[in-house]
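This report concerns only the one structure given below.
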Amino acid sequence: MKTSRLYLRDVTATSPLSLLLFGPEPLAVLHAEGAVVVGGTGSGTGGGVRVACRAQTAVLVKQLRRALNRVLEQRFRGAGGGGGGGGGGEGAWRGGTLGDAVIAAVRQMLREEDDQRSMAAKLT
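Below you can see the structure in the form of structure tokens.
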């Protein structure tokens with residue numbers, strides 16, 4: 287039987303920050319509209335999920351996402367398991383201070399977002 291109805295199944299709610307950091311590529315920053323389109327082009331036919339976000343914040347999140355992807359890629363390849371390292375440049379990406387700082391920043395942002403969500407739930 288054919289139907290024109292739309293059904294949702296196996297859906298998980300996610301936060302805008304999680305979507306911006308871990309959602310599908312590309313991230314299209316719409317500066318004039320104050321929005322980011324995750325997994326689309328930003329055009330009317332480009333698909334994706336639209337997230338309201340100041341352009342300046344969107345650019346910073348896009349840079350953080352790029353850095354996070356680079357760190358995770360290095361660690362998955364076995365180039366660095368965290369700790370140690372030091373210095374700067376490419377060596378810092380291999381489990382050194384810069385890679386650890388990126389991971390710590392993302393952890394902190396996600397924790398703060400979770401804390402805010404918990405507080406909001408208690409108020410309702």
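With my numbering as the guide, the letters of the sequence shown map in order to residues 287 to 410.
Beta carbons are placed, not taken as given, at the ideal position from N, Cα and C, and that holds for glycine.
Because the structure is a prediction, the values reported are computed rather than measured.
With 16 or more other Cβ atoms inside 10 Å of its own Cβ, L384 counts as buried. In the DSSP annotation of this structure, the continuous segment of the beta strand (DSSP E) that includes L313 starts and ends at L313 to L316.
When the alpha-carbon of E311 is set against those of A299, V335 and A318, the nearest one is in V335.
Here G333 is exposed: its Cβ has fewer than 16 other Cβ atoms, across all protein chains shown, within 10 Å. By the Cβ-count criterion, G364 is exposed, with fewer than 16 other Cβ atoms from all chains shown falling within 10 Å of its own Cβ. Going by beta carbons, L354 and V388 fall inside the 8 Å limit. In chain order, L313 and V315 place their CB closer than 7 Å to the CB of K348, counting only its own chain and leaving out the 5 sequence neighbours on each side.
In the displayed model, R295 falls within coil according to three-state DSSP, outside both helix and strand. Sorting C339, M287, F362 and Q402 by C-alpha distance to the C-alpha of H317 places C339 at the top.
Looking at the DSSP output, A338 shares a beta bridge with A321.
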